[in-house]
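One structure below.
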Ligand code: PBG
């Protein structure tokens with residue numbers, strides 16, 4: 005656009021003030037611009053200065069497109085904001101430990117507790133009161149064995165905590181994380197075969213039974229997290245033939261073998277490496293952090309198997325996976341902001357390096373922007389309370 009200046013250096017823009025400059029000289033234009041900016045106009049001594057200003061005004065590079073126009077006021081910013089966070093999007097994971105008298109603070113996750121089966125009731129009611137619509141419950145078992153049989157027992161911890169949570173706030177969706185690592189004595193996500201690896205096909209038979217027990221106890225959604233092949237179809241089939249065909253499956257579809265689960269494993273008592281005869285990692289079933297294409301393939305298999313919602317986990321380090329899935333499927337997407345992500349922000353805030361609320365909201369917004377419909381976060385109740393106070397973004 006080189007028509008900014010007329011031959012006589014008049015400004016062509018259809019702007020009341022500047023049109024007056026039609027017959028003005030260069031230094032008058034400069035003066036007028038400066039006046040309009042509220043700056044006192046000074047006598048221009050150096051003729052090159054005038055030329056320089058005019059050149060920038062008339063050059064092709066002059067920014068006619070100014071991105072800052074739409075950022076000027078909070079009301080403009082609110083109008084053009086592409087994403088938002090609502091309490092409706094949030095799912096709060098809750099830990100429940102059996103055989104304890106008082107809730108226990110989890111040292112590696114400031115602000116998070118292992119609830120007793122009694123304090124669970126208040127915790128669930130508080131979450132519901134904050135406006136959050138859903139919780140996911142994790143058991144901390146005192147009855148572990150090699151296959152995790154307590155989780156398949158209709159009177160076991162998994163069943164009890166689901167029915168306690170459901171009764172405490174029937175309007176909440178109770179999501180059952182179905183997996184064995186919290187219930188096996190070796191800490192892996194299913195029974196082991198002779199060479200120490202997890203036996204895929206025995207695990208999926210058991211996981212279907214665990215899912216059934218969870219549904220009978222009142223679970224609204226089943227979320228298999230073991231990364232076993234075929235687990236979604238095994239569960240879908242079982243639920244369909246046992247009267248629970250209306251219970252949706254939220255598949256941990258792309259779950260990576262991540263160090264960011266560290267604090268969770270402390271919290272849930274499922275850390276590996278205590279037993280020298282079993283593998284000390286989950287790399288033979290969880291995804292390799294280096295693999296994006298494989299993660300998408302794995303997640304899309306869960307769609308074929310009948311998943312209703314796909315989850316990506318962890319969150320912040322795997323936004324690319326979330327965004328690609330957003331393009332490849334129309335299923336609702338969930339993302340899990342895992343224990344290590346939460347702990348990083350909490351500890352950084354404790355050290356004064358960043359503000360917990362701001363860092364949390366920015367991270368959650370990143371999930372929404374990348375395509376998440378719902379977010380699992382230990383900060384769920386805090387965030388709902390920030391939002392209730394009208395925290396702007
Ligand atoms: C159980 C499970 C884990 C997490 C959620 N479900 C642990 C794991 O896979 O090792 C991690 C959650 C977190 O770190 O917040 N399979």
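Numbering (my numbering), first residue to last: 5 to 397. Idealized CB from N, CA, C, for every residue including glycine.
_Residues near residue 272 in its chain [Cβ-Cβ closer than 6 Å; skip 5 each side]_ = 142, 144, 186
_Taking the straight line between their C-alpha atoms, what separation do you get for residue 140 and residue 289?_
22 Å
*In this structure, does DSSP put residue 118 in helix, strand or coil?*
strand
*Please classify residue 366: does DSSP put it in a helix, a strand, or coil?*
helix
_Whether residue 108 touches residue 117 by CB criterion (9 Å)_ = yes
*Return the chain-ordered list of same chain residues with a C-beta closer than 7 Å to the C-beta of residue 274, the five sequence neighbours on each side being excluded.*
185, 186, 191
*Other residues of its chain near residue 132: CB distance less than 7 Å, five sequence neighbours each side excluded*: 173, 175, 176
*asked:* For residue 89 and residue 368, which I take to be in contact (beta-carbon distance under 8 Å), what is that distance rounded to the nearest angstrom?
replied: 5 Å
_Span separating the alpha-carbon of residue 399 from that of residue 336_ = One cannot answer for residue 399 here, as it falls past the ends of the chain, which runs 5 to 397.
*With a cut-off of 5 Å, give the chain-ordered residues whose Cβ is closer than this to any heavy atom of the ligand PBG.*
183, 185, 229, 265, 268, 342, 343
*If you draw a straight line from the alpha carbon of residue 3 to that of residue 284, how long is it in whole angstroms?*
There is no way to answer for residue 3, as the model of the chain reaches only from 5 to 397.
_Per the DSSP calculation, residue 317 is bridged to which residue(s)?_
259
*Unbroken beta strand (DSSP E) runs of length 3 or more, entirely within the stretch 170 to 252: which are they?*
177 to 182, 225 to 228
*asked:* In the DSSP assignment, the beta strand (DSSP E) including residue 378 goes from what residue to what residue?
replied: 378 to 380
*Mark residue 379 as exposed unless 16 or more other C-beta atoms lie within 10 angstroms of its C-beta, in which case mark it buried.*
buried
*Hey, quick one: how far does the beta strand (DSSP E) through residue 143 stretch, first residue to last?*
138 to 144
*Residue(s) in a DSSP beta bridge with residue 99*: 118, 142
*Buried or exposed for residue 67, please, with buried defined as at least 16 other CB atoms from any protein chain shown within 10 angstroms of its CB.*
exposed
*For residue 331, the nearest candidate out of 71, 200, 373, 243 (CA to CA)*: 373
_Cα-Cα separation between residue 100 and residue 377, rounded to whole angstroms_ = 26 Å
*Of the choices 105, 213, 74, 348, whose alpha-carbon is the least far from that of residue 163?*
213
*asked:* What does the alpha-carbon distance come out to for the pair residue 152 and residue 207?
replied: 10 Å
*Could you tell me if residue 170 is buried or exposed, where buried requires 16 or more neighbouring beta carbons within 10 angstroms of its beta carbon?*
buried
*Decide if residue 224 is buried, meaning its Cβ has at least 16 other Cβ atoms within 10 Å, or exposed.*
buried
*asked:* Starting from residue 338, trace the beta strand (DSSP E) in both directions and tell me its first and last residue.
replied: 337 to 340
*In or out: residue 404 buried (at least 16 other Cβ within 10 Å) or exposed?*
Only positions 5 to 397 of the chain appear in the structure, and residue 404 is not among them; the question remains open.
*Sorted by chain position, which residues of the same chain lie with C-beta nearer than 6 Å to residue 268's C-beta, five sequence neighbours on each side aside?*
343
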